[in-house]
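J.: First, the structure itself, so that you have it in front of you.
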Amino acid sequence: MIVQVLDCDYIQNHKPIIRIFGKTENGNPICLFYEGFLPYFYVSGNEEKIKEFLDENENVIKIEKEKKFESIGYHKEPIDVLKITLSSPSEVSKLRDLLEQQPFVKKVYEADILFKYRFMVDFGIMGMRWIEVEANSLHTTTVKVPSFQIVGNKIKLIEKDENCKLKYLSIDIEALPKDYSKPLEPKDCPIIMISLAFNPPMKGKDSLVLLTKNVNADNKINIINFENEEEMLKKFLEIIDEYDPDIIVGYNINNFDLPFIIERLKINKLPQNIGRCSLKPAIIRKFGGSEECDIPGRIVFDPYQIIRRDPWMRFKRYDLNTVAKELLGEEKIEIKYKEMEKYWNGDEEKLKKFILYSKKDSELALKLVIEKGLIEKFFELSKISGLLLQDTFGGQAIRVEIRLLHEFKKRNLLMPCKPSKEEINRRTLEREKYGLIGATVLEPKRGLYKNKCILVLDFTSLYPSIIQTYNISPDTIILDEKETPKKIIETPMKAKFVDASIYQGVMPSILEELMKKRKEIKKELKNAKGERKKILDYMQLAIKTMANSFYGYTGFLMARLYMLDIANAITAIGRENLAKTKKIIESNFPYKVIYADTDSVFLETGITNLEEAKKAGEEVSKFVTENLPGCLELKFEKIYKSFIILTKKRYAGWAFEPSDSEWKDYIDMKGIETVRRDWCELVEEVTGKVIELVLKKDDINEVVNYVKTIIQKLRKNEIPLEKLAIVKGLTKLPSSYKGILPHIEVAKKMIERHPENPPRIGDRISFVIVAGSGMVSKRAESLDYAKEHKLAIDSNYYIMSQILPPIERILKVIGVSKDELIQSATQSTIKDLLFSKFEKNNDKMNYIEKNCENERKDNENAKILFNENSKINILEGWENFICEKCNKIYKVMPLNGLCKCGGKLVIKYNEYVSKYCKQ
């Protein structure tokens with residue numbers, strides 16, 4: 011029998027029984043049972059005293075003496091340890107805690123490995139991989155799918171890239187609150203509607219809506235009506251069992267829909283066994299401020315959580331409407347939260363719109379997963395890390411540790427337990443004392459490079475290559491001089507590692523295997539088509555993600571195998587080879603390195619032809635690679651026809667990449683943010699356009715005129731308010747916030763104006779800053795209110811605090827000043843400019859409006875007067891804002907007028923800092 015592994019757990023009868031949930035090649039769900047495997051761990055110390063201590067413990071099945079290698083530090087000889095086998099997984103942690111308190115125990119190993127992974131590692135089973143077993147049919151009422159008992163101990167791993175056909179079910183629920191000022195609570199709010207979307211269809215239906223109200227169905231909606239919530243939930247449970255999904259999805263389903271459903275099932279005294287187990291219910295686990303749902307035999311995939319964590323998918327907002335619009339080109343049906351009750355209790359037309367609203371939400375969540383392939387990468391990460399698919403959605407450390415554990419089993423190495431709080435504190439102090447030194451970033455030659463090709467060369471998988479080349483691993487670092495072999499590698503930070511010719515470390519060995527596999531995949535990818543091409547692409551992406559995790563793991567404070575010396579050794583070698591690369595290039599080619607950052611090198615060539623530049627890039631990268639050690643490889647990546655560099659890690663280029671027989675071009679930006687949550691949409695639009703004009707046009711005046719046009723439109727109120735709205739989330743009751751924040755001030759106004767329908771926790775407050783006097787935060791108004799009352803915006807605020815700061819950083823490099831941008835539409839007075847920039851923090855800052863002479867002078871020389879205990883200070887040359895408490899510098903005054911540390915901000919002029927009297 012050949013099965014793809016989806017999930018694994020165990021049940022405890024008189025002894026633990028392992029259950030493997032999977033699907034056959036035909037797509038049929040099954041459960042494999044395995045009996046006879048028991049939990050164990052290792053301990054070192056005084057063997058006689060340990061045995062004596064354990065002698066009367068009835069949970070200890072047996073104690074065996076073994077020889078094992080420690081995994082931290084290079085060791086020529088193994089140590090003696092005792093392998094302690096217990097009757098139940100639940101007894102392991104209890105006995106570990108007892109042993110760690112005993113003076114005759116030196117160290118405990120592997121006593122916190124989850125039992126399911128203990129089994130999987132010992133039998134070589136990896137998540138989402140195919141296994142072949144000999145099994146007999148088994149009759150049991152504990153699971154809902156066909157069951158089989160594994161015969162003997164042979165479980166064979168099968169090499170098969172394709173995945174079985176999986177069933178996806180998307181869920182979206184609706185409930186109405188009793189109090190709109192508070193979050194929805196399942197104990198008070200029944201579910202009124204459950205929308206389901208299926209892939210593949212269920213009985214020919216792509217979707218189905220269950221609701222506790224009678225409504226006539228039509229061609230657009232498949233509806234089932236119920237008299238009450240209990241009957242609806244019973245049907246929901248029936249559908250789950252009948253459709254039998256492998257993967258349950260929903261947008262924010264972990265934090266809302268599933269916990270809500272589970273709680274309402276409890277309240278209605280209904281079973282919570284929505285998994286493939288008859289007796290084991292779904293479990294909600296809380297991690298900090300979020301929740302995760304564990305459903306036996308099924309996978310829960312929340313696209314909201316995945317997208318929020320993905321560094322390549324950045325959005326100003328992560329609500330379903332924004333994400334679906336960006337990724338799918340589709341939008342939600344618009345019904346405001348506070349209007350839901352009106353639609354639910356309205357006429358049939360309103361009710362049907364509400365039903366379509368919920369149906370659309372479930373469909374969009376499913377489309378994100380299926381059409382955008384959000385889960386596909388995790389299939390492959392599961393296969394190469396060894397983690398079960400459900401666990402793969404979490405952090406990187408567990409992926410690395412389970413893969414290491416598989417290798418440790420083969421090499422007879424011991425895995426340490428997770429670090430204690432005391433050990434984490436020790437590591438933190440060590441980090442503070444010695445530091446984790448990052449990569450080299452060469453000081454850039456700032457400016458705009460036009461009409462001559464800039465070559466961009468990248469190191470292929472730099473840190474994984476360094477680990478392989480220098481044999482860097484926890485089990486190769488020399489910590490004891492007595493263990494020093496004849497041949498070693500010494501790194502720039504003086505850490506020493508055994509040479510690979512004597513012993514290859516675990517990490518280099520794994521990475522060598524992974525990178526070899528990735529090269530083979532990329533070679534096959536060139537000619538692959540259709541579904542095979544898609545699978546191969548996800549495979550190589552997963553390998554890249556996994557390989558890049560090893561460096562970060564060595565410097566992760568809570569890692570079992572954390573070592574600061576190893577993390578610092580890797581970055582030190584990176585810095586050394588980057589400097590060496592620069593020297594090789596400039597000594598052998600007529601090109602200048604104008605910037606280098608971690609694993610990228612930028613060359614100014616003087617070449618204007620793309621083909622010639624490509625040839626030069628390939629020649630340089632080949633020559634450098636030949637002169638670098640081991641598997642370090644520099645590759646020609648792309649060409650910038652024009653390139654602007656602002657500071658370290660902040661640059662943009664008009665990039666050209668060879669693609670088949672032609673060139674693909676695009677604007678490439680690093681570190682220049684066009685999307686920030688405290689910026690309005692107009693900033694994103696203008697910043698992107700300015701960068702494009704700077705790079706693609708030769709006339710700087712065109713750029714300046716474009717910005718001036720935007721400024722003029724702002725002054726004339728010609729920009730749609732929607733583009734000026736800033737959106738902030740309400741994470742607690744407005745009364746709970748300290749300080750004066752614009753979105754909180756707006757929320758308070760909304761409560762005052764509409765006490766019957768106040769904003770609730772979790773709402774996104776969309777606001778604009780309107781014209782007037784006083785604090786900026788106090789002049790924030792909701793977008794809807796500003797539109798309804800045709801309020802004029804504070805153009806100075808949007809010009810000086812939103813548009814100009816990011817634009818000025820770009821244009822300053824090419825010699826365009828802020829004054830040139832606002833020259834044709836300057837403020838009437840410098841005082842006006844200051845009022846648009848400053849928060850009068852609780853009225854403690856007094857502005858002296860009189861005695862300001864010649865206020866229309868150039869901003870750099872304008873004289874601003876402040877009252878300081880009846881003295882007049884004349885400070886010239888306004889620079890920026892500085893925190894009185896921590897000295898942090900701000901180019902733009904934050905909306906609340908305070909530093910992140912809570913300190914007050916004052917103006918900095920040249921070498922002076924303004925002071926003001928307190929009322």
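Heads up: the sequence shown is residues 11 to 929, going by the numbering used here.
For glycine and all other residues, C-beta sits at the position ideal for the given N, C-alpha and C.
Remember, it's a predicted structure, so these values are computed and weren't measured experimentally.
1. Would a C-beta distance cut-off of 9 Å place Leu42 and Val131 closer than the cut-off?
2. Closest to Lys362 by CA distance: which of Gln112, Ile231, Ile263 and His416 is it?
3. Give the range of the alpha helix (DSSP H) segment to which Ser392 is assigned.
4. Between Glu614 and Lys624, how many whole angstroms is the CB-CB distance? I'm expecting something under 8 Å.
5. What residue does the alpha helix (DSSP H) around Ser610 start on, and which one ends it?
6. Within this structure, are the beta carbons of Pro429 and Tyr572 separated by less than 9 Å?
7. Between Trp354, Trp322 and Leu366, which has its C-alpha nearest Lys342's C-alpha?
8. Would you give the residue range spanned by the beta strand (DSSP E) that Gln111 belongs to?
9. What are the boundary residues of the beta strand (DSSP E) that Lys296 is part of?
10. Let me know the secondary structure DSSP gives Glu80 once reduced to three states.
11. Locate the alpha helix (DSSP H) running through Phe418, then write down its first and last residues.
12. Measure how close the beta-carbons of Leu467 and Leu644 come, nearest whole angstrom, since I'm counting them as under 8 Å.
13. Can you tell me whether DSSP reads Gly159 as helix, strand or coil?
14. Which residues bound the beta strand (DSSP E) around Gly32?
15. Are Val310 and Leu268 closer than 9 Å when you measure CB to CB?
16. Which residues bound the beta strand (DSSP E) around Thr7?
17. Per DSSP, Cys18 is paired with what?
18. Considering only the beta carbon of each residue, do Met568 and Ile434 sit closer than 9 Å?
19. If contacts are defined as beta-carbon pairs under 8 Å, then Leu930 and Tyr716 qualify, I think. What distance do you get, rounded to the angstrom?
20. How far does the alpha helix (DSSP H) with Arg763 in it extend, from its first residue to its last?
21. Whose C-beta lies closer than 6 Å to the C-beta of Glu390 among residues of the same chain, with five residues either side of it excluded?
22. Are Ile94 and Val153 touching if we call contact CB-CB under 9 Å?
23. Compare the Cα-Cα distances from Ser180 to each of Ile160, Val161, Asp216 and Asp171 and report the closest residue.
24. Taking buried to mean at least 16 other C-beta atoms within 10 Å of its own C-beta, is Val161 buried or exposed?
25. On the DSSP bridge list, what partners appear for Trp664?
26. By DSSP's criteria, Gly912 is part of a beta bridge. Which residues make up the other side?
27. Under 8 Å by Cβ, that's how I've got Tyr253 and Lys177 pegged, so tell me the actual separation to the nearest angstrom.
28. Tell me whether Gly137 is buried or exposed, calling it buried when 16 or more other Cβ atoms sit within 10 Å of its Cβ.
29. Might you give, ordered along the chain, the residues of its own chain that have their beta carbon closer than 8 Å to the beta carbon of Ile71, omitting 5 neighbours on each side?
30. Output yes or no for whether 9 Å exceeds the beta carbon distance between Ile204 and Phe266.
31. Taking the beta strand (DSSP E) that Arg774 belongs to, which residues open and close that run?
32. Kindly indicate which residue of Tyr747, Pro484, Glu596 and Lys658 has the alpha-carbon position closest to the one of Gly457.
33. With H, G and I counted as helix, E and B as strand and the rest as coil, what does DSSP make of Thr152?
34. Hey, does Val333 have any beta-carbon neighbour from chain B nearer than 9 Å?
35. In chain order, what residues of the same chain have a beta carbon less than 7 Å from the beta carbon of Leu16, not counting five sequence neighbours either side?
36. Ordered along the chain, which non-local residues of its own chain (more than five positions away) have a Cβ less than 6 Å from that of Gly396?
T.: On the basis of the data shown:
1. Taking 9 Å as the Cβ cut-off, Leu42 and Val131 do not qualify as a contacting pair.
2. Ile231
3. From DSSP, the alpha helix (DSSP H) with Ser392 extends over Glu386 to Ser395.
4. Actually they are not in contact, since the Cβ atoms of Glu614 and Lys624 sit about 16 Å apart, beyond 8 Å.
5. Taken as a continuous stretch (DSSP letters only), Ser610 belongs to no alpha helix (DSSP H), being part of the beta strand (DSSP E) at Ser610 to Glu614.
6. Yes, the pair counts as a contact, with Cβ atoms nearer than the cut-off.
7. Leu366
8. Careful: Gln111 lies outside any beta strand (DSSP E) and carries neither H nor E.
9. Ile293 to Phe297
10. strand
11. Gln406 to Arg421
12. 5 Å
13. The sequence shown places Gln at residue 159, not Gly. Strand at Gln159.
14. For Gly32, the uninterrupted beta strand (DSSP E) run begins and ends at Pro26 to Thr34, by DSSP.
15. In this structure, Leu268 lies closer than 9 Å to Val310 by Cβ.
16. Any property of residue 7 remains undetermined from this structure, which presents the chain solely from 11 to 929.
17. Ile30
18. yes
19. Lying outside 11 to 929, the shown extent of the chain, residue 930 is not represented and no answer is given.
20. Pro752 to Arg763
21. Cβ-Cβ distances below 6 Å link Glu390 to Tyr548, Met549 and Ala552 in the same chain, with the five nearest sequence neighbours on each side left out; the list follows chain order.
22. no
23. Asp216
24. exposed
25. Ser652 and Ile677
26. Note: Gly912 sits in no beta bridge, so no partner.
27. 7 Å
28. buried
29. Leu48, Thr95, Leu96 and Ser97
30. no
31. Arg774 to Ile779
32. Lys658
33. Of the three classes helix, strand and coil, the one that applies to Thr152 here is coil, per DSSP.
34. Absence of chain B from the displayed structure is noted, only one protein chain being present.
35. So the list reads Phe31, Gly32, Lys33, Asp256, Ile309 and Leu399, once near-sequence residues are dropped.
36. Short of 6 Å from the beta carbon of Gly396, and not among the five residues preceding or following it, lie these beta carbons of its own chain, in chain order: Met136, Ile412, Arg413 and His416.
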